[in-house]
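As numbered in our numbering, residues 928 to 1050 make up the sequence shown, in order.
Using N, Cα and C, we set each Cβ at its ideal position, and we do this for glycine too.
Just so you know, these numbers come straight off a predicted model, no measurement behind them.
One structure below.
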Amino acid sequence: MWEICVEDTFSSAHQLIGYEGKCERLHGHNWRVVLCVKCKEINDIGICVDFKKLKFILKNILEDLDHKILNEVPFFKEGRNPSAENISLFIFERAKEEINGGKVFVSSVKVYETETSYVEFKE
Ligand SMILES: [Zn+2]
928 MWEICVEDTF
938 SSAHQLIGYE
948 GKCERLHGHN
958 WRVVLCVKCK
968 EINDIGICVD
978 FKKLKFILKN
988 ILEDLDHKIL
998 NEVPFFKEGR
1008 NPSAENISLF
1018 IFERAKEEIN
1028 GGKVFVSSVK
1038 VYETETSYVE
1048 FKE
């Protein structure tokens, strides 16, 4: 089994409704995201999935979050706080739609809220 990962970043604002503390106020982060896929087979030239293709998919997903107030993005309007946990879920679900099927499956999404704190979503 191979796991292939790509990274990208985006910037956005959010506020955590119901949180007791500073994070309830609107503030911003530069988020770092690591998207990983797994596959059991490699092709004739020794590749599971092209890094370029994965980066393109991740960039497109992050485009929907970049320079936005996340609380206004539809996914987070339905009573879902735009926490790092829910951001990782959003990216995982979107990536699954683009990637799953055939021989490649999304395995995890990490969302770094700061240099030293991250959330990882796996199914
Ligand atoms: Zn925050």
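Excluding five sequence neighbours on each side, which residues of the same chain lie with their C-beta closer than 8 Å to the C-beta of Lys995?
Ser939, Ala940
So what does DSSP say about Glu1057, is it helix, strand or coil?
Because the chain here runs from 928 to 1050, residue 1057 falls outside it and cannot be looked at.
Measure how close the beta-carbons of Lys1030 and Glu968 come, nearest whole angstrom, since I'm counting them as under 8 Å.
5 Å
So, does the stretch 1040-1048 touch the stretch 978-991, judging by three or more C-beta pairs under 8 Å?
no
Measure the Cβ-Cβ separation of Val961 and Cys932 and say whether it is below 7 Å.
yes
Ile1026 - DSSP class collapsed to helix/strand/coil:
helix
Do Glu1047 and Ser1034 come within 7 Å of each other at the CB atom, strictly closer than that value?
no
Are Arg952 and Thr936 touching if we call contact CB-CB under 7 Å?
no
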